[in-house]
Every structure is written in structure tokens, then in C-alpha cells.
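Asks: Structure incoming, see below.
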Amino acid sequence: MTREVWNTRVGFILAAVGSAVGLGNIWRFSYAAYENGGGVFLIPYFIALLTAGIPLMILEFGMGSKFRGAAPMAFKRAKKSFEFIGWWGVIASFIITTYYSVIMGWSLVYLVKAFNLGWGSDTEAFFNEALLEVSNSPWNFSGFAPSVLAGLVGVWFLIWIIEKKGVQKGIERANKIFMPLLWLLLIVLVFRAITLPGALAGIEWYLKPDFSKLTDLGVWQAAYAQAFYSLSLGMAIMITYSSYLPKKSDVVNNAFIVSLADGAFSFTMGFVVFGTLGYMAFAQGVGIQEVVKQGIGLAFVVLPAALNMLPGLKVLTAVAFFLSISVAALSSLISLVEAFASALMDKFEMKRSRAVNLTIAASFLCSLVYATRAGIYWLDIVDHFINSYGLMIVGILEAVAIGWIFGADKIREWANSYSDIKAGAWWDISIKVVLPIVLIYLVFNDTRTNLAEAYGGYEPAALLVGAGVIVLGMIISVLLPFIKKEVE
Ligand code: PFF
14 MTREVWNTRV GFILAAVGSA VGLGNIWRFS YAAYENGGGV FLIPYFIALL TAGIPLMILE
74 FGMGSKFRGA APMAFKRAKK SFEFIGWWGV IASFIITTYY SVIMGWSLVY LVKAFNLGWG
134 SDTEAFFNEA LLEVSNSPWN FSGFAPSVLA GLVGVWFLIW IIEKKGVQKG IERANKIFMP
194 LLWLLLIVLV FRAITLPGAL AGIEWYLKPD FSKLTDLGVW QAAYAQAFYS LSLGMAIMIT
254 YSSYLPKKSD VVNNAFIVSL ADGAFSFTMG FVVFGTLGYM AFAQGVGIQE VVKQGIGLAF
314 VVLPAALNML PGLKVLTAVA FFLSISVAAL SSLISLVEAF ASALMDKFEM KRSRAVNLTI
374 AASFLCSLVY ATRAGIYWLD IVDHFINSYG LMIVGILEAV AIGWIFGADK IREWANSYSD
434 IKAGAWWDIS IKVVLPIVLI YLVFNDTRTN LAEAYGGYEP AALLVGAGVI VLGMIISVLL
494 PFIKKEVE
């Protein structure tokens, strides 16, 4: 089978940026910056980007374009026994897809509600009671929450429409529309946010430099973790996308463009989030720290409340905000689904239509768990474990297998062959030394915390199920290489 290719270089870059810019940029970055020294966080973040994010991006783009296969095939072509590494990336992507789609489903519901600010004045009650209808325990599934289910069906339908059309006519074309739209929405939102009264005070909180934080190891840890997550690395995604590059493609410069664009998006979104929070604190006459919330609560509880209070253009701003979350999530989801579907196409020589239908049917069925009334508990638990043991472990294995065993220099030579900027010896050091040290430290630290305290106060049985999903995924990835092609 001939491999599909991107139509243009710009198309590839837009799709890769579309994958990188996602839910992680909208709430994760601003909160991480706020918690870890404000403006000073930009220093460790930038260093993380340069010493680990961009080098790993070059490695993944290099591998994809050299071996021209989805992650399992690319690793297999480097060395037969490496195939399982690719599968772990693919399966981790699959697990993330199952709940990331549900969060996008919520945001579609909010997008519809935005037209009349239909979440009402008590946004917390709307989120927990009207939308999620949260039950009292992870074991009390109590059937589906109907609005979540409706949003989820909408999400999978959109993904199916785009994915079945293939690389050029589906993914590339969609991102050529989504990315300019997303950046336009970002500009609109920034202008709206910074012109609000009190916005500057919020932005000051976001960027106020606290230099003492630079000696805090936790801050560096947060910066590296944010860089990997946000760049979609270690998830089989960037290998898959770059496997559709034509032979003579720039690798190094593309990796810089994609990574810096992703960082720029996060940084700018911080102005929207903190400008709006600044206004909210101003309108209520309270301090910023009283309105800041992390994660899901920020996007779906606090910001809708802030939107309710806007002095004007409420509906327009609300629609722009939830449209931007939806578009950012959709373009990332497409890349997560493509990583899995493409691996099926390679391994079993399946046609795209069949691989896409299978991937979407399986992901949709699994995602239904999170559309039940206990869904949020499971989403929280699985997200927690996959963040520690998904991309981090793949990253470590990539550094060892490709950096040390296959040879970082071989990938560097390949990556440099058609690139405007050349990667120097610094790149080998990043891949072989910095990357494994940082990632092993992060995994070690997370494991220590997991063992010391029950995450989120959940009962051990629920945490065991969550961790079990991850272990099962790992076992499957080790077994898959033994299956020989038997379909079609
Ligand atoms: N990079 C995207 C984000 O920041 O939301 C999507 C994503 C990919 C998230 C891979 C998490 C992940 F492990």
C-alpha cells in the first residue's frame, strides 16, 4: 500500500500545531505558570522546551519521516524488538482519546448554551448537577447523563467525518480551517479580556515574577511535564504525523516552528484566562486568589461565571471561548485517533475506512464509561495515572532505544539532511542525557507520591482499577508485536 502524504509543508505544520494546541494549553499552562512563580515560570518552561521538548520533537519527526510508519512500525524498522514501545504510545493515546472526547463533549454542550448563557447564575450547580448529574461514588454509575452523552455522540460524529477522508482531504483540510480560526478566536479573546476593568491586576498575578521559585525543584518538574504534555510527545502522535511527510522534508525547523507556536499559544491564552479572572475579582471586590481554580473547574465553572458578569458582548465572548476550546480539542483528538488508526493500517494492512471505523467504534464504546453519572471520577483517576505512566515512559524508552541503542547520531544525520537549521551535538546530549534523567526523575517522583497518598482521596479499589487499565495497556503493547498480520 502506498503511504498517504501531506499536500503541503504548511498543511503538515498546521496539523502538528493542531495536535499540540489542545485542552492542555487552555487551562493547564496558565495555572502551572501562576502556581510556579508567575512570569518566572517562563524561564524553566523555555529551558524545558529547548532542552527536552524540541529535541524530542526532532527525534519523533526524524523517526516518522525516516521510517515512514506509524509508531509501532517506525520503532520496528529501527530494531525489531522495539515495536512494543510504539504500541505503548499508541495504546496510551487510545486511553487518552476515550476521556478527552468526553471533555470535548462537555464543551460542545457549553458552546450551544453560550448562545443564551444557558448555564444560569449558579455555574457550579450547572456543571455538577445539570450537566454531569454526578453520582455519589465511582461505583454508582446510575446510567448515562443525557447531555454528556449527546455531546459525546456529536464529537465522535465530527471525528468520523474528518478521519474517514484521510490525510489530505480530511486531517489537512480540517486543520487549514481550524488553525486560522483558533488563532483568530485567541486574538479576539485577548482583546476582550485585556480591555476589561481589573484585567491588568489579574495579568500581574499571572506574570508577577517570583525569582525565589527558580531554586525550587518542583517548578522545574512542572515546566518539563507541561512541555511534554502540551507538545503531544511520547504518544505516537508526532511520529505518525511525520510519517506522512514526503521524503525530502525539513525536520529540525519544523520541530522548532511547531513547538514555539504551541508555547506562544499557551502564553497568550494565559492573558485571556487571567485577564478575565482579574475582572471577576474586581467585579466582586475580592482578591484574585479567591477566584482562581485549577483544571476542569476553571474552564467549566469559573469562566462561565465570569462570562455572566461581563459588562458587554457576553454572548459573543462566551461563544468565542467555547468555540476555541472545542476547536482546540477536536484538532488534538483527530491526532490521537489517527495515531491508533494508522498503527492498525500498518500492522494489519487494513484500509483506512476499516481502520477508522474500528478505532472510532472501540473508542466510542470505551468513552461511554465517562458519560455515566460516575464518569467524572473515572476520568479524573485514569487521567492521573496515564499522565504519569503514558508519555513519560515512552519518552524514557525512546531516549534509551533510539538515543543509545539505535544511535542518536543516525537520526540526527537524517534530520539534518533537508533541514534549514541543523541540529548539533547539543541534540545528542539532550536526547541521551537530559531527557532520560528528567523523565526518570518525574516518574520516580510521581510513583513516590502515588504510593504515599491515595490520589484525590479515592478509595484504594477505585485507584487500583485506574492503575489496572494502564497495566493492561502495557501488557497488550508487549503482546501485540507477537501477532502476525492476519486480516485481509
Ligand atoms: N497536546 C494536546 C493538549 O495539550 O491538550 C493534546 C494531548 C496530547 C494531550 C497528548 C495529552 C497527551 F498526552
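Just so you know, we're using my numbering here: the sequence shown kicks off at 14 and counts up by one. Even glycine gets a Cβ: it sits at the ideal position worked out from N, Cα and C.
1. Out of curiosity, what's the CA-to-CA distance linking L329 and E472?
2. Would you say S490 touches the ligand PFF, meaning its beta carbon is less than 7 Å from a heavy atom?
3. Name the two residues that bound the continuous alpha helix (DSSP H) containing P68.
4. Let me check understanding here. Comparing Cα to Cα, which of I453, G325, T462 and V382 lies closest to H397?
5. Among all the DSSP beta bridges, which residues are the ones paired with F157?
6. Whole angstroms is fine: what's the gap from F334's alpha carbon to L198's?
7. Identify which residue in S245, T281, M322 and P259 has its Cα closest to the Cα of V271.
8. Taking all protein chains shown into account, decide if S432 is buried (16 or more other Cβ within 10 angstroms of its Cβ) or exposed.
9. By a C-beta neighbour count over all protein chains shown, 10 Å radius and 16 as the cutoff for buried, is E185 buried or exposed?
10. Taking only runs of the alpha helix (DSSP H) that begin and end inside the segment 264-299, which ones reach a length of at least 4 residues, in chain order?
11. With distance defined between alpha-carbon atoms, name the residue in M282, Q234 and V168 nearest to L455.
12. Using the three-state DSSP reduction, which class does V500 fall into: helix, strand or coil?
13. Give me the residue from I488, I409, G479 and A214 with the minimum Cα distance to G109.
14. What would DSSP say about L130, mapped onto helix, strand or coil?
15. What first and last residue would you give for the alpha helix (DSSP H) that runs through L323?
16. I need the DSSP call for E351, collapsed to helix, strand or coil.
17. Could you tell me whether the Cβ atoms of M117 and S339 are closer together than 8 Å?
18. Report yes if the CB atom of A83 is closer than 8 Å to the CB atom of A249, and no otherwise.
19. Rounded to the nearest angstrom, how far is the Cβ of F88 from that of V203, given a contact under 8 Å?
20. At a cut of 8 Å, does the segment 297-309 reach the segment 91-109 through at least three beta carbon pairs?
21. May I have the straight-line CA-CA distance separating G491 from K177, to the nearest angstrom?
22. Taking only runs of the alpha helix (DSSP H) that begin and end inside the segment 401-443, which ones reach a length of at least 4 residues, in chain order?
23. What's the C-alpha gap between Y58 and V18?
24. Determine whether the beta carbon atoms of L144 and S380 lie at a separation below 8 Å.
25. My guess is that P151 and A387 are in contact by the Cβ rule of under 8 Å, so how many angstroms apart are they, rounded?
26. Given a cut-off of 8 Å on the beta-carbon distance, is the pair A277 and I39 in contact?
27. Give a single yes or no on whether M248 has its beta carbon closer than 7 Å to a heavy atom of the ligand PFF.
28. Leaving aside the five residues before and after A412 along the sequence, list all residues of the same chain whose C-beta is less than 6 Å from its C-beta, in chain order.
29. Between the Cα of M487 and the Cα atoms of N458, L464 and L404, which residue gives the shortest distance?
30. Compare the C-alpha of S32 against each of G437, F54 and S106 and name the closest.
31. For D422, does the count of other Cβ atoms within 10 angstroms reach 16, so buried, or fall short, so exposed?
32. Roughly how many angstroms lie between the CA atoms of I415 and G99, to the nearest whole one?
33. Tell me the DSSP secondary structure of M363 in three-state form.
34. With respect to 7 Å, is the separation between the Cβ of G37 and the closest non-hydrogen atom of the ligand PFF below this value?
35. Quick one: what's got a C-beta closer than 6 Å to M86's C-beta in the same chain, skipping five residues either side?
Replies: With the given structure in hand:
1. 43 Å
2. no
3. I67 to F80
4. T462
5. T385
6. 8 Å
7. S245
8. buried
9. buried
10. 265-297
11. Q234
12. Note that V500 has pLDDT 47, beneath the 50 cutoff, so the model's placement of it is unreliable and the number below is only indicative. Reduced to three states, the DSSP call for V500 is coil.
13. Reading off the sequence, residue 109 comes out as Ile, not Gly. I109 has its Cα closest to that of G479, out of I488, I409, G479 and A214.
14. coil
15. Per DSSP, L323 belongs to no alpha helix (DSSP H) and is neither H nor E.
16. helix
17. yes
18. yes
19. Not a contact, Cβ separation roughly 41 Å.
20. no
21. According to the sequence provided, residue 491 is Val. The question's Gly does not apply to it. Approximately 29 Å, taken between the alpha carbons.
22. 404-411, 421-430 and 438-442
23. 33 Å
24. no
25. 5 Å
26. no
27. yes
28. I444, L448 and P449
29. L404
30. S106
31. exposed
32. 12 Å
33. coil
34. yes
35. D359
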